[in-house]
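A.B. asks: Chains as they are written, first to last, in our numbering: chain C, 48 to 555; chain E, 7 to 366; chain Z, -18 to 291; chain H, 80 to 402.
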Amino acid sequence: MQPAVEFRGISKHFGAVKANTDVSFSIAKGAIHGLVGENGAGKSTLMSILYGYYKADGGEILLDGQPRQIRTSQEAIRLGIGMVHQHFMLVENMTVLDNVMLGTEGGFRLAAHRHETEKKLREICARYRLDVDPLATIHDLSVGAQQRVEILKQIYRSANILILDEPTAVLTAQETESLFEILRLFKEQGKTIILITHKLQEIKDITDTVTVMRAGRVIGAVQTADTSKEELANMMVGRPIENNLPRGAYKPGKPVLEVRDLQLKDSSGVPLLEDIGFTLRAGEIVAIAGVSGNGQSELMEILSGMRLPTGGEADFEGKPLPFNRHDPDGLPLEFRHLGIAHVPEDRLRDGVVKNFSVMQNTVLGYQDHLKGAFGLFDFKHIAARCESLLKEFDVRPPNPDLRIGLLSGGNQQKVVIAREVLARPKLMLVGQPTRGVDIGTIEAIHTQLLALRDAGVAILLVSVELEEVRALADRILVMCGGRITGELKIEEFDTTRIGLLMGGMHKS
Amino acid sequence: MTTNDMPRWATSIVLPLLNLLSALLVAALVIYLLGEDPVESMQILINSAIVNPEGLSYTLFYASTFVFTGLAVSIAMQAGLFNIGAEGQMYFGGLGLTVAMLTLDASLPWYLLIPAGMVGAALFGALWAFIPGYLQAKRGSHIVVTTIMFNFIAASLMNFIIVKYLIPPGEQNTASRVFSDAAALPPLNAWFPALGDTPLNISFFLAIVALVIYGVFVSRSSWGYKLRATGMNKHAAHYAGVKISSMIIVTMLISGALAGLGAVNSIMGSTHYLSLNFTAGAGFVGIAIALMGRQHPVGIFLSAVLFGALIQGGFDLSLEKPNIPVETFIFIQGLIILFCGAMEYLYAPALIKLIKGKKA
Amino acid sequence: AAPKLAIVYDAGGKFDKSFNQSAFEGASRFKKETNINFIEVQASSDTQAEQVLRGLARKKMDLIASIGFAQTQAVQKVAKEFPNVRFVLIDGVAQGANVNSITFKEEEGSYLVGVAAAMASKSKKLGFIGGIDIPLIRTFACGYAQGAKATDKKAEIVQNMVGTTAAAWNDPAKGGELARSQFERGVDVVFAVAGGSGMGTLQMAKEKGKLAIGVDSNQNHLYPGTMLTSMVKRVDNAVYDSFTQVKNGTWKAGITAKGLKEGGVDWALDANNRKLITPEIEKKVLGARKDIIDGKTKVIDIRSGAACPV
Amino acid sequence: MTFEDLHLGSIVVSTVRNAPVLIFAAMAGLFAERSGVIDIGLEGKILASAFVSAAVAFTTQNPWYGILAGMAVSIALATLQGYVAVTQKGNQLVAGIAINIAMSGLTFVVAQYFFQQGGRTPDLGEARLPYVTLPGSEAVADVPVLGWIWTQLLGGHSVLVYAAFALVPLVHWVLYQTRFGLRLRACGENPHAADAAGVSVERTRYMSMLIAGFLCSFSGAYLAIVQSGFFLRDMSAGAGYLALTAMVFGNWRPFFTFLGCLMFGFFTAVQIQLEGVDLPVVGRIPGALIQMVPYVVTVVVLAGLMAKSVAPKAIGVPFVKSR
Ligand SMILES: Nc1ncnc2c1ncn2[C@@H]1O[C@H](COP(=O)(O)OP(=O)(O)OP(=O)(O)O)[C@@H](O)[C@H]1O
Ligand SMILES: Nc1ncnc2c1ncn2[C@@H]1O[C@H](COP(=O)(O)OP(=O)(O)OP(=O)(O)O)[C@@H](O)[C@H]1O
Ligand SMILES: [Mg+2]
Ligand SMILES: [Mg+2]
């Protein structure tokens, strides 16, 4: 049978970077094909070429055996290719309906088609059990729901070849499972699916075949059934990946953070956090598990000084954190001076300034520590500090003058974590440290966090990945609906129980 | 295609020159259509703006004012604030300076008067920028709109104040009285007689000092770092502990103060009195300079000199060639801003090809 | 040899529909009659005025005519540096043994048109539209009001200014809008002293069938039928005379204030407004004119520090 | 001061008459900015179209030719802005400001070259747009309220006034109810999303700029061949900036922007009426100070009533295919 998609010798470079070098492989019709590789391996670039977003320097693409010129996204769409991008391609202030209609309006007057489109969307939602309200506005939706809108868009357009670039990075286990349900339905309908993910379990779970890329080249293409996670990891990174990282004995020290009765209401009085209380000790990692959007982000923001609670208090090393003020302007700096470091969940929004160089970003938040006479920086010192940081945390490429926006997400994340670790904090707040990060980098980040714990730092970790929670935590708090619904020791780790608590079942 | 593919000399020298040339080419065409010889006209222009020491001196005199207004707009831009109000702030700065002079010029020696004038100008300029800054920081009122409005308001207010309080009785001229000689900034021709009888004065050096301080603080200080972080990513700046609203207010205060200082050269360096609409658009020119100069001190300096040269050279040229009205140079200013500021990479593709072709 | 003459306009430029333009016309008349050329320059700022005056003085001009009060300080300064160059300053007073300052008694001419306006008005509501609220414009307004009130105690003056920046002299739309608004308030004669903006006023009067009064030069020809008259300010004569005096060697420095008596200001009566000026109006205006010239009527000049009496 | 002194009728009519210059320009700006292109060059386009329409109307003695010519020039300038924003990926603010400055100079130079009247065009005389007299005007003219409404408020304006007011719902419709409007808004909010959905960001932005140029030309034409009857240097006198203000004020939405335009027209009219009038409490406000009424009101309203204005997200950012 003709393969649905065939890449032949695709090459693409950006300046000096060779993103794709002579990439050739093919995907059978009706298959779910996995594409894996380290951050920056060239997966997204290749898919962008297929989708007409970038133009390849060389090589050709065959669809159903026909060589095709795909110069624009329009052409790709016409050829039945759909793509769910790594970063959502949604217009935030428009409704789901308008987002779906965009590009497939059906005629000049929207009103003429709005109604029938809405009806069709509702039908699709029902058939695929997608929980989306067509009339909701995007910015009111959770990430999971936004993801569903992206899928909805593709179903509506009845794409035959569907590219999914890291669709699961922001999804919960349940959401991922229902996405996979849909993908299986697609497969039954004879559609071809290309799935990019960093989670090898997912590759095992759903794909038929898998291609591994490294540094722009295809390293191998295998039948999923014939391989194992370990083997794939080995192919990707070029070395075996250690699953059980070494860690010192659990010896919790003095309480570092004591949270009592913390409350947060939004501007319209809806409670976001209620009665949050817990204690965090030196030398332990406490993980907060839960479906995203249940108050974890808000809690982290409060504890890092980015946001003020509407009630309750928290003691840091026995002294209350100064929550009694009008606005949180400048508060994050005060907290940092106390010894609280923060790796923010949304690194591109909060954690880095994309247009600053890597070196400039290593200063973010510590600008006042690093200033000398007249408030001027000692650039020699900063450069040396940055260089050692890049080396120690294996940031690639280790070029301090590169705009950080040009680094891969994983490497950006390493810079942020390195910066915060370097501050020798007493308390480290870490939000979603490995979202969208490849397994090699995950290993590196986890190693760093464990080393920090062993050095006696108290770490509060928020993660939606239970794998990650299991790998790092000493104790686990589960949050649901703005409350803490349960607490477990790591020895008591039990996916089912945690799942119940995440769903709001109280400790009983 | 990116300019990363090009060597530095190409992006920072060749491209701007090509763009400048294109603007001048269009200008030459217009001059030709007006019935004059473009080559000769350009010669006159360059000669009287740059080559002739007296002309150069005028060019630098105008540039000194423009450096301040350009800096005013630039520093606000660094924080992501588009301050269109430099005109009004400079106008108001002129009032501060004048108030200081009218009360002090009889009693203080020059070395105290000049700082007093500068303080007055900076203070009033800052004051006029404070309200838009405050409203942006605390109420979220769009700074572009409020500063435009404040230009209009300043014009009305100054009109009122000058006519009602500052015109000496019996005088026609809509201007304050002339300050005492002690209030005059020392002109540079005292040291360089070749400059001729021109108003170029020590504020040229003050402008250079301001540029250096600006350059150092924006790119090497912790405050400048916070400033730029605020301009590029407010969320990250908040995360970094920047007090965003006070940052906005302080930046606008500095911006206004710089615009106000623009009045020092115009008034204490040349006319020695405050007159209606003395700013003559210098605040708006500051916007063009900030944009063209990329908010970089060297860029600001070069743009300021270029604009000064156009005013001086254009003025001289229109004297010699009555067919070319001074307004032609307003048009040419626009062209230069367009080519050098907005279409800076017009020739990049061709240039890249050329460079690559040579190498191959 | 022919004298070397120069004329320096202020920021308004030589086509400002006001005193610069009038000066240009005077100089042109001189040139036509004598074939003696003159240099023209526009100084856009006070700094440039000084630069230009100095440049011209260095070229050993015989006479430099500076138009507009904005050049006062520049003339004073440069005249001191070049005692051998002669200067004429129009509309301002500068000190110097080589400066002739010529000002105009705008209040007297405005008084006359105020009289005419009050006579011609049916509603007895008179309009005044000025460019910017500055002493010169207030002088016009106050003279106008004095004339009107002297003619009819009940006459009411509605006054508007176009704006506060240089744009106020170039905003005919606003000039027209102000006139329209005044008409809607019952005004039926309007006096426009607003340079280019005044053009909008005169035009609006034409459109609405109301009367308008022009300023500076005789603007009666613009809209015959609705132009009641113009308050002419003979800057052209001042320039023409100065040039002639230099040519004949009779030029003298000093300070001259030109009123009705000296022919500096006047009202305009010509074929274009003949029909609108009834014999009664004409008689009344000529009477007022005579009284002023004879000194029987004193028109207050607010620039001397007096408040406007009406 | 009595109620009579306020001349409310006159203020309302004056508001209606003053608004079109701002409405056309603000609606033009709306198209540009909602598609993601900052249009600070409204002022220059108004000025250029005012000059060209006056010059051509005078030369041909036909106002409609004038309007067409003004349109051509305004569209050309908008296309230049589009070229900078879309093709060159240059700085849109710079382009706009450059156009404003260049046009301020060029219109003078060309006008001076052709007409020798100091950057003014000759009077249009009969070549102006006529005023519309509604049928039956004569009959109702003397009826107290109705007469005023029919002849002054509704009738007696140029066609362009009606066009301006009709434009607002039209713009609203195009923006929110058509395919083009949907794509345009998407390009202004998230061009990457639009692109991924198969919409050509380039084409949409160019189209929007064409429309912006087209609409803006009427602003200039209204100024020159309706309100003034000639062109005078710099006659736009800041109208472009005020239109921009109205748009920001209206949060980039047609009806609120329209309200912003009316607000300026209204307070300008009020200010005219207040000059020289003795007010209760404050007394007579000096002429120079009264000029600032509309601007002070704007600031106060912006500071007091309005929520934060939300510009289209992608505004001013060139669309480059990479993150
Ligand atoms: N627009 C671009 N401009 C310049 N270089 C780029 C661009 N896009 C990608 N690259 C380069 O191409 C390489 C491959 O990037 P690509 O996005 O394909 O990686 P990826 O495999 O999708 O990584 P990830 O797992 O992090 O998503 C990167 O190393 C990067 O340096
Ligand atoms: N404009 C660009 N220029 C150069 N490289 C780029 C550009 N955009 C992306 N890249 C590179 O492409 C690669 C992948 O980019 P991408 O944004 O997909 O990163 P990522 O690791 O997947 O991060 P994320 O966590 O956001 O998913 C990175 O190596 C990044 O540096
Ligand atoms: Mg990717
Ligand atoms: Mg990724």
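No residue lacks a Cβ here, since even glycine has one placed at the ideal position from N, Cα and C.
All values derive from a computational prediction rather than experimental measurement.
Pick from C:Asp441, C:Gly112 and C:Gln121: whose alpha carbon is nearest that of C:Tyr101?
C.D. replies: Nearest of C:Asp441, C:Gly112 and C:Gln121 to C:Tyr101, Cα basis: C:Gln121.
A.B. asks: Could you give the DSSP three-state label for E:Thr8: helix, strand or coil?
C.D. replies: Interpretation of E:Thr8 is limited by its pLDDT of 48, a score under 50 that renders its predicted location unreliable; the figure taken from the coordinates is listed afterwards. Note: E:Thr8 maps to coil in three-state DSSP.
A.B. asks: Quick check on C:Glu321: does DSSP put it in helix, strand or coil?
C.D. replies: C:Glu321: strand per DSSP, three-state reduction.
A.B. asks: Just to confirm my understanding: we take H:Ala276, look at its own chain, exclude 5 residues before and 5 after, and list those with CB closer than 8 angstroms. What are they?
C.D. replies: Same-chain partners within the cutoff: Ala265.
A.B. asks: So if DSSP puts C:Ser404 in a beta bridge, which residue, or which two residues, is it bridged to?
C.D. replies: Paired residue(s): C:Arg450.
A.B. asks: Between which two residues does the beta strand (DSSP E) holding Z:Cys289 run?
C.D. replies: Where Z:Cys289 is concerned, there is no enclosing beta strand (DSSP E), given that its DSSP letter is neither H nor E.
A.B. asks: Using C-beta distances below 6 angstroms, list every residue in its chain close to Z:Asn201, excluding the 5 sequence neighbours before and after it, in chain order.
C.D. replies: Same-chain partners within the cutoff: Met208, Ser211, Ala249, Asp251, Asn253 and Asn254.
A.B. asks: Give, in chain order, every residue of the stretch 182 to 194 of chain H whose Cβ lies closer than 8 angstroms to some Cβ of chain E.
C.D. replies: Listed in sequence order: Met182, Ser183, Gly184, Leu185, Phe187, Val188, Gln191 and Tyr192.
A.B. asks: Answer with buried or exposed for H:Val238, where buried requires no fewer than 16 other C-beta atoms within 10 angstroms of its C-beta.
C.D. replies: The residue in question, H:Val238, is exposed, as its Cβ has fewer than 16 Cβ neighbours within 10 Å.
A.B. asks: Under 9 angstroms, Cβ to Cβ, is there at least one residue of chain C near E:Lys232?
C.D. replies: Yes - at least one Cβ of chain C is within 9 angstroms of the one on E:Lys232.
A.B. asks: Residues of chain H with CB under 8 angstroms from E:Leu352, in chain order?
C.D. replies: Per Cβ cutoff of 8 angstroms: Gln167.
A.B. asks: Extract the residue ranges of the beta strand (DSSP E) inside the stretch 189 to 241 of chain C, only unbroken runs of 3 or more that lie entirely within it.
C.D. replies: The stretch 189 to 241 of chain C contains these whole beta strand (DSSP E) runs: 208 to 212.
A.B. asks: Listed in chain order, which residues of the stretch 274 to 291 of chain H have Cβ atoms closer than 8 angstroms to some Cβ of chain C?
C.D. replies: Flagged, chain order: Asp274, Ala275, Ala276, Gly277, Val278 and Ser279.
A.B. asks: Name, going along the chain, the residues of the stretch 48 to 76 of chain E whose beta-carbon falls closer than 7 angstroms to a beta-carbon of chain Z.
C.D. replies: Per Cβ criterion, the list reads Tyr64.
A.B. asks: Under 8 angstroms between beta-carbons, which chain Z residues line up against H:Leu302? List them in chain order, please.
C.D. replies: Here the neighbours are Ala154.
A.B. asks: Would the stretch 127 to 136 of chain Z count as touching the stretch 85 to 98 of chain H if we require 3 or more Cβ pairs under 8 angstroms?
C.D. replies: Taking 8 angstroms as the limit for Cβ pairs, the verdict is that the stretch 85 to 98 of chain H does not touch the stretch 127 to 136 of chain Z.
A.B. asks: What are the uninterrupted segments assigned as alpha helix (DSSP H) that are 4 or more residues long and contained completely in the stretch 132 to 176 of chain Z, given in chain order?
C.D. replies: Runs of the alpha helix (DSSP H) inside the stretch 132 to 176 of chain Z: 153 to 165.
A.B. asks: Count the CB pairs spanning the stretch 112 to 121 of chain H and the stretch 182 to 195 of chain Z that are closer than 8 angstroms, and state whether there are at least three.
C.D. replies: Segments in contact, no.
A.B. asks: Inspect the beta-carbon positions of H:Cys340 and H:Ala98 and report whether they are closer than 9 angstroms.
C.D. replies: It is a contact, given that the beta carbons lie within the stated cut-off.
A.B. asks: For E:Ala161, go through chain Z and note every residue whose CB falls closer than 7 angstroms to its CB, in chain order.
C.D. replies: Going along chain Z in sequence order, the residues near E:Ala161 (Cβ under 7 angstroms) are Thr145 and Thr146.
A.B. asks: Tell me the rounded alpha-carbon separation between H:Pro142 and E:Leu264.
C.D. replies: Approximately 47 angstroms, taken between the alpha carbons.
A.B. asks: Could you name each continuous alpha helix (DSSP H) segment of 4 residues or more that falls completely within the stretch 470 to 534 of chain C, going from the start of the chain to the end?
C.D. replies: List check, alpha helix (DSSP H) in window: 486 to 501 and 513 to 519.
A.B. asks: Could you check which residue in C:Ala78, C:Leu93 and C:Gly237 has the C-alpha nearest to that of C:Ser58?
C.D. replies: Answer by Cα proximity: C:Leu93.
A.B. asks: So, at 6 angstroms on beta carbons, what are the nonlocal neighbours of Z:Gly235 in its own chain, with the 5 sequence-adjacent residues on each side left out?
C.D. replies: Around Z:Gly235: Asn81.
A.B. asks: Excluding five sequence neighbours on each side, which residues of the same chain lie with their C-beta closer than 7 angstroms to the C-beta of E:Tyr38?
C.D. replies: Closer than 7 angstroms at the Cβ level, and outside the excluded window around E:Tyr38, lie Pro44.
A.B. asks: Relative to chain H, which residues along the stretch 167 to 196 of chain Z have a C-beta separation below 8 angstroms, given in chain order?
C.D. replies: Cβ contacts with chain H: Gly177, Met180, Gly181 and Gln184.
A.B. asks: Report yes or no: is there a C-beta of chain H within less than 9 angstroms of the C-beta of Z:Glu165?
C.D. replies: It does; some Cβ of chain H falls within 9 angstroms.
A.B. asks: Who pairs with C:Leu109 in a beta bridge, going by DSSP?
C.D. replies: Its beta-bridge partners are C:Glu53 and C:Pro114.
A.B. asks: So, is H:Arg402 buried or exposed, given that buried needs 16 or more other C-beta atoms within 10 angstroms?
C.D. replies: No answer about H:Arg402 holds up, because its pLDDT of 46 lies below 50 and its placement is not dependable.
A.B. asks: Evaluate the contact criterion for the stretch 223 to 243 of chain E versus the stretch 421 to 437 of chain C: three or more CB pairs, one atom per stretch, below 8 angstroms.
C.D. replies: Touching, per the Cβ criterion.
A.B. asks: Any contact of the stretch 122 to 129 of chain H with the stretch 153 to 167 of chain H, i.e. 3+ C-beta pairs under 8 angstroms?
C.D. replies: Yes, the stretch 122 to 129 of chain H is in contact with the stretch 153 to 167 of chain H.
A.B. asks: Can you pull the DSSP bridge partners for Z:Val280?
C.D. replies: The partner list for Z:Val280 (beta bridge, DSSP) is empty, contrary to what the question assumes.
A.B. asks: For H:His86, which beta-bridge partners are listed by DSSP?
C.D. replies: Bridge partners of H:His86: none, in fact.
A.B. asks: Based on Cα-Cα distance, which residue from C:Val52, C:Leu309, C:Val70 and C:Gly483 lies nearest to C:Glu392?
C.D. replies: Checking every option, the nearest Cα to that of C:Glu392 belongs to C:Gly483.
A.B. asks: Do C:Thr258 and ligand 1 come close, with the Cβ less than 8 angstroms from some heavy atom?
C.D. replies: C:Thr258: no, Cβ never under 8 angstroms from ligand 1.
A.B. asks: DSSP three-state label for E:Val32, please.
C.D. replies: Helix.
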